[in-house]
Amino acid sequence: MFFPSQLQPTGIPYLTLELQDDIMPSAPPPGNVLVTGVSGFSGVWIAHALLANGYQVRGTVRNPKKGAHVAEPDAFDNALDGSIAAVIHVAGVAELDATDASDIFGPNRDGVVNLLNSTLKHGKNVKRFVYMSSAQALLGNDDIFHVYTEDDWAEKDLALVQEKGSGAGGQALYRASKVLAERAIVDFVETHKMEIGWDAVRILPAWIFGPVIHDWKTIDDLNLSSKVMYQQLTVPRDNDKVNDYASEYIDVRDVADAFVAALQVEEAGGKRLLLDAGAYTYQNLYDAVNKVAPDLKGVVRGNPDAPPFAFPGAFVDSSRTVSLLRLKPFRSLGETATDTFRSIQTKLEGHAA
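Here full-length UniProt numbering is used: position 298 in the sequence shown is 298, and no number is missing along the way.
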């Protein structure tokens with residue numbers, strides 16, 4: 001177990017959230033918040049955001065190569081006691097190439113159920129449970145231009161996994177695990193509503209990028225999304241491929257802000273909240289970084305003369321989330337990508353020195 005109340009400043013500016021007068025907090029500061037997966041890419045940023053906004057933080061950590069730990073029935077019992085006012089569940093396995101269903105469903109589905117049971121048994125003063133799902137749990141519509149909302153579910157992937165099990169493939173396994181985890185939360189709260197004093201919020205971010213501040217030593221140690229962004233920025237593409245769709249994105253700092261707001265906005269209870277700052281092509285990415293940091297070395301420039309192309313907006317609609325949580329505008333692609341690259345490249349150069 002890890003208690004990061006003395007986390008050192010990162011040198012990256014952080015804006016605290018201003019709680020508006022008309023908001024009735026569900027779990028206000030200086031409450032003690034349990035954050036699972038606190039040593040990971042998103043978890044450490046969420047811990048920093050909580051501390052910056054006056055919360056106390058208790059964290060759980062695990063070896064990412066031993067994800068089965070969170071699938072143990074009593075894995076979280078020692079982390080919960082009467083001092084905990086809220087639970088933020090970030091721990092899980094984010095892999096799209098798994099070949100064994102148990103490697104994904106153990107940490108992602110069973111881990112959620114076990115944490116819910118531990119919260120029921122030991123979290124007598126918990127007021128809110130916030131779960132990090134994924135926009136992957138929405139996907140699968142046949143219309144490639146479909147804009148996803150809170151009503152969408154990855155039903156095709158779930159059906160494929162139910163039919164083929166591990167043979168469904170890593171992407172389907174991951175999506176199905178997040179769908180089942182979310183539904184387990186909804187069912188648990190409904191089943192135990194007369195026994196618990198807390199509600200649950202599910203937050204579904206798009207691909208999360210941004211500065212990497214958790215501990216890592218080699219590129220292979222990085223979380224999946226950071227490796228994806230670094231590869232997008234450093235591996236050249238053929239000129240006729242630069243306008244291909246690359247990804248959706250959301251900055252990890254904006255994600256952290258949303259998790260803090262989810263504790264403070266009473267109306268967020270029971271909601272499914274989406275986070276997506278936009279879609280981009282590879283050339284959109286290159287151009288955005290070049291605009292923010294034209295002298296940055298090591299980033300692919302692509303084909304600046306390629307016919308300009310931009311998507312009309314995000315393929316996941318975050319408007320309800322932004323309105324409900326009173327979120328400030330999301331960070332730009334250029335800022336997010338530049339900060340991602342610099343944080344990784346600086347550490348790699350430090351290791352090489």
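Ideal placement from N, C-alpha and C gives every residue a C-beta, glycine not left out. Predicted, not measured: the structure shown is a model, and the values here were computed from it.
Query                                                                                                                                                              : Result
What is the DSSP secondary structure of P107, reduced to helix, strand or coil?                                                                                    : helix
Just the C-alpha distance for G167 and L96, rounded to the nearest angstrom, thanks.                                                                               : 13 angstroms
Please state the DSSP three-state secondary structure of residue 354.                                                                                              : Given a span of 1 to 353 for the chain in the structure shown, any question on residue 354 remains unanswerable.
Tell me, to the nearest whole angstrom, how far the beta carbon of L233 is from that of V289; I am working on the premise that it is less than 8 angstroms.        : 7 angstroms
Roughly how many whole angstroms lie between the Cα atoms of L348 and A98?                                                                                         : 28 angstroms
Go ahead and label R175 buried or exposed: buried means 16 or more other beta carbons lie within 10 angstroms of its beta carbon, across all protein chains shown. : buried
Could you check the C-alpha separation between D240 and N141 for me, to the nearest Å?                                                                             : 27 angstroms
Buried or exposed: where does M229 fall if 16 or more other Cβ atoms within 10 Å of its Cβ makes it buried?                                                        : buried
Name, in chain order, the residues that DSSP records as bridge partners for F341.                                                                                  : F341 is not bridged to any residue.
Could you tell me which of S318, S83 and L180 sits nearest to L273, measuring between CA atoms?                                                                    : S318
Put Y148 into one of helix, strand or coil per three-state DSSP.                                                                                                   : strand
Which of the three DSSP states is assigned to H89 in this structure?                                                                                               : strand
Give the secondary structure of R253 by DSSP, where H, G and I count as helix, E and B as strand, and everything else as coil.                                     : helix
Would S177 and N114 be called neighbours here (beta carbons separated by less than 8 angstroms)?                                                                   : no
In terms of DSSP beta bridges, what is V209 paired with?                                                                                                           : The identity of residue 209 in the sequence shown is Phe, whereas the question assumes Val. D251.
Taking just the CA atoms, how far does P236 sit from F341?                                                                                                         : 15 angstroms
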